[in-house]
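Please read the structure below before turning to the comments.
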């Protein structure tokens, strides 16, 4: 598979790109609004992995080009840009491509962080509403901390929860997730079940804020 | 400590009562709207633990009597009765007693279960609004499956997330939680952070419905 990380110059995109390139045989493509920045960051990721003895190829393109040449497209952009980014690349998505939404939306008050979903119910559902017909959306990766991914010395032991209305698309994303060392994919049902998954992310931050020694938390179900 | 399980004849109350009586030195009291039923169920729990070689005392009273004589009161009733039950026992709660809310509120559609909080933001906050001043409320136990607790052959390995505005009350509840074998208490901050905790419970059911071999799920953070 060829996997594009739109906004792959940011921390969660970087984390997924590094782990995919290191652990799997998938082709990894960094997308950015700025193609030159994407290319530069892709080069930095290749160098970083090279220093650790991993000889990998990562390419960088504009979000549009990255999308047009990929099978699986991860909208790893800040939540406020998720829908806009998908609209920008809608013409570059082919029927059968899979769009992955790792975003959640939060606000903060004196108590901590709170889930603050858009009117569609969840960021994943808002992204699906903006995606072309024939391009299934899968929610995934919301509850894996960017820091846990980018720290390549850190052995992951976390679950990635998948939501989506296409079983095939979920299977595709599940295979990619489980190709990363230490990640397990779990199916939480349809895309309408995304709010409860996206809501875990602010909880992870609240737990890190209130418990000594906890940071870059992930979640496991058993 | 003397711990009352209001609605302790139901499955989550039974589970907490059995584990507290088996694993800890706390006094365990079953409360019910029907004192005779509470007494009968308490006797059944004692017998069940006795068959497994545990010689314990569990008493049964009306919710009102159970509350009046206890230090920590767990409103282990179905969510639609949580506020009403707390109103019923409000006069029996003393200053300094701690009220524990293990409830969440869900609805179900074709996709699965969804968090459906009351207008106060969470069941825990609704219970706090109904509790007398001077009686702190702690959210806890929402994400531990009743079946995992009542199956005494099952070794627990789960986190119990605490929310609450009184650090002392959270510490009291945390000590009780961690006295149960296999449970770890984590602090998620103030009571306003309860929605993200209560929202995990429908997700646990959705995961059990969509993944072979998963049932009575709990959650761990790491």
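Chains as they are written, first to last, in this note's numbering: chain A, 1 to 222; chain B, 1001 to 1222. Ideal placement from N, C-alpha and C gives every residue a C-beta, glycine not left out.
Run the CB neighbour count on residue i, radius 10 Å, all protein chains shown included, and call it buried at 16 or more, exposed below.
i: residue 1063 of chain B; result: buried
i: residue 198 of chain A; result: buried
i: residue 1082 of chain B; result: buried
i: residue 159 of chain A; result: buried
i: residue 154 of chain A; result: exposed
i: residue 1019 of chain B; result: buried
i: residue 1222 of chain B; result: exposed
i: residue 1008 of chain B; result: buried
i: residue 57 of chain A; result: exposed
i: residue 1051 of chain B; result: exposed
i: residue 119 of chain A; result: exposed
i: residue 126 of chain A; result: buried
i: residue 167 of chain A; result: exposed
i: residue 1174 of chain B; result: buried
i: residue 213 of chain A; result: exposed
Consider the Cβ of residue i: report whether some Cβ of chain A lies at a distance smaller than 7 Å.
i: residue 1217 of chain B; result: yes
i: residue 1196 of chain B; result: yes
i: residue 1190 of chain B; result: yes
i: residue 1156 of chain B; result: no
i: residue 1221 of chain B; result: yes
i: residue 1118 of chain B; result: no
i: residue 1211 of chain B; result: yes
i: residue 1202 of chain B; result: yes
Nearest chain B C-beta to residue i closer than 7 Å, yes or no?
i: residue 186 of chain A; result: yes
i: residue 199 of chain A; result: yes
i: residue 111 of chain A; result: yes
i: residue 45 of chain A; result: no
i: residue 61 of chain A; result: no
i: residue 193 of chain A; result: yes
So, are the CB atoms of residue i and residue j less than 7 Å apart?
i: residue 30 of chain A; j: residue 21 of chain A; result: no
i: residue 182 of chain A; j: residue 156 of chain A; result: yes
i: residue 1090 of chain B; j: residue 1138 of chain B; result: no
i: residue 188 of chain A; j: residue 163 of chain A; result: yes
i: residue 1001 of chain B; j: residue 1072 of chain B; result: yes
i: residue 229 of chain A; j: residue 6 of chain A; result: This structure does not reach residue 229 of chain A, given that chain A is present from 1 up to 222, and the question cannot be answered.
i: residue 1079 of chain B; j: residue 1142 of chain B; result: no
i: residue 1012 of chain B; j: residue 1146 of chain B; result: yes
i: residue 165 of chain A; j: residue 186 of chain A; result: no
i: residue 1039 of chain B; j: residue 1010 of chain B; result: no
i: residue 46 of chain A; j: residue 97 of chain A; result: no
i: residue 111 of chain A; j: residue 1193 of chain B; result: yes
i: residue 1218 of chain B; j: residue 1100 of chain B; result: no
i: residue 216 of chain A; j: residue 148 of chain A; result: yes
i: residue 1121 of chain B; j: residue 1195 of chain B; result: yes
i: residue 258 of chain A; j: residue 1220 of chain B; result: A question about residue 258 of chain A goes unanswered here, because the residues of chain A that appear run from 1 up to 222.
i: residue 104 of chain A; j: residue 77 of chain A; result: no
How would you list, in chain order, the residues of chain A whose beta-carbon sits under 8 Å from the beta-carbon of residue i?
i: residue 1081 of chain B; result: None at all; the shortest Cβ gap to chain A is about 23 Å.
Leaving out five residues on either side along the sequence, give the residues of the same chain with a beta carbon under 6 Å from the beta carbon of residue i.
i: residue 14 of chain A; result: 150
i: residue 68 of chain A; result: 92
i: residue 1161 of chain B; result: 1186, 1188, 1197
i: residue 32 of chain A; result: 9, 38
In chain order, what residues of the same chain lie with their CB nearer than 7 Å to the CB of residue i, ignoring the 5 residues before and after it?
i: residue 113 of chain A; result: 106, 202, 205, 206
i: residue 1054 of chain B; result: 1022
i: residue 1129 of chain B; result: 1120
i: residue 1209 of chain B; result: 1112
Just to make sure I have the definition right: I need the residues of chain A whose C-beta is within less than 7 Å of the C-beta of residue i. Which are they?
i: residue 1102 of chain B; result: Those within 7 Å of residue 1102 of chain B in chain A number zero; the least Cβ separation is about 17 Å.
i: residue 1151 of chain B; result: The premise fails here: residue 1151 of chain B is roughly 14 Å from chain A at the closest Cβ pair, so nothing lies under 7 Å.
Kindly list, in the order they appear in chain B, the residues whose Cβ is closer than 8 Å to that of residue i.
i: residue 207 of chain A; result: 1161, 1186, 1187, 1188, 1221
Chain B partners of residue i, CB-CB under 9 Å?
i: residue 136 of chain A; result: The premise fails here: residue 136 of chain A is roughly 15 Å from chain B at the closest Cβ pair, so nothing lies under 9 Å.
Going along chain A, which residues have a C-beta under 9 Å from residue i?
i: residue 1183 of chain B; result: Those within 9 Å of residue 1183 of chain B in chain A number zero; the least Cβ separation is about 13 Å.
Take residue i and list the residues in its own chain whose beta-carbon comes closer than 8 Å to its own, dropping the five residues that flank it on each side.
i: residue 176 of chain A; result: 1, 3, 20, 24, 26, 72
i: residue 86 of chain A; result: 75, 99, 127, 130, 131
i: residue 979 of chain B; result: With chain B covering only 1001 through 1222, there is no way to say anything about residue 979 of chain B.
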